[in-house]
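Asker:
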Amino acid sequence: MPLTPSDISNKTFRTVRLRPGYNEDDVDELLDRVEATLVALQGGPRTGPLITAAEVEAARFRTTRLNPGYNEDEVDAFLDVVVADLRSRGLSGEPGGSGPGARPGQAGTGWPSGPPRPQHTGQGRG
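Last residue of the sequence shown: 129 (the numbering used here), numbering continuous.
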């Protein structure tokens, strides 16, 4: 069954403190883009370029230590589901913004510039 915007907005992840976790804001930002894409695909307003499976796979999150962060394994597992869903909808895309949701001349995935985020293993929110 395809994912819905509610599946994304209602997804929760356990938080961790004593081991590395993913920065919650980074994960939430990515999932907000996924949710907006699913809304647009269901005929709702389109608030930006559609996110592609390649962009989700290329996403990087800052890691946390001793501060709350999302459980990395849970996030990765959920992002695996998101990637499979986007591919099934024809949104495989290419890293670098050349997928169907990209705007002409768009470089990268639309993330703000800054230090690179550690790449998550697998594909997965918190």
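For every residue, glycine included, the Cβ atom is placed at its ideal position computed from N, Cα and C.
Do you know offhand how far A43's Cα is from I54's?
Answerer: Along the sequence shown, one-based indexing puts residue 43 at 40. Along the sequence shown, one-based indexing puts residue 54 at 51. Roughly 11 Å between the two C-alpha positions.
Asker: When you compare only the Cα positions, how much space is there between S12 and G24?
Answerer: For the purposes of this step, residue 12 is taken as the residue at position 9 of the sequence shown. For the purposes of this step, residue 24 is taken as the residue at position 21 of the sequence shown. So the alpha carbons of these two residues sit roughly 20 Å apart.
Asker: For R65 and N26, what's the separation of their Cα atoms in angstroms?
Answerer: Here residue 65 is taken as the residue at index 62 of the sequence shown, counted from 1. Here residue 26 is taken as the residue at index 23 of the sequence shown, counted from 1. Between R65 and N26, the C-alpha separation is close to 5 Å.
Asker: Can you confirm whether the region 26-36 touches the region 72-82 when touching is taken to mean that 3 or more C-beta pairs between the two stretches lie within less than 8 Å?
Answerer: The region 72-82 vs the region 26-36: in contact.
Asker: Among L21, E60, R20, R22, which has the Cα closest to the Cα of L34?
Answerer: Here residue 34 refers to the residue found at position 31 when the sequence shown is read from its first residue. Ranking the options by Cα distance to L34, first place goes to E60.
Asker: Distance check for K14 and P5, CA to CA, integer angstroms please.
Answerer: The residue given as residue 5 occupies position 2 in the sequence shown. The residue given as residue 14 occupies position 11 in the sequence shown. C-alpha separation (whole angstroms): 15 Å.
Asker: Assuming G96 contacts A39 under a Cβ cut-off of 8 Å, what Cβ separation, rounded to an integer in Å, is found between them?
Answerer: On the sequence shown, position 93 is the one that residue 96 refers to. On the sequence shown, position 36 is the one that residue 39 refers to. With a Cβ gap of about 15 Å, G96 and A39 do not count as contacting.
Asker: Hey, quick one: how far does the alpha helix (DSSP H) through I11 stretch, first residue to last?
Answerer: Along the sequence shown, one-based indexing puts residue 11 at 8. Here the alpha helix (DSSP H) through I11 covers 8-12.
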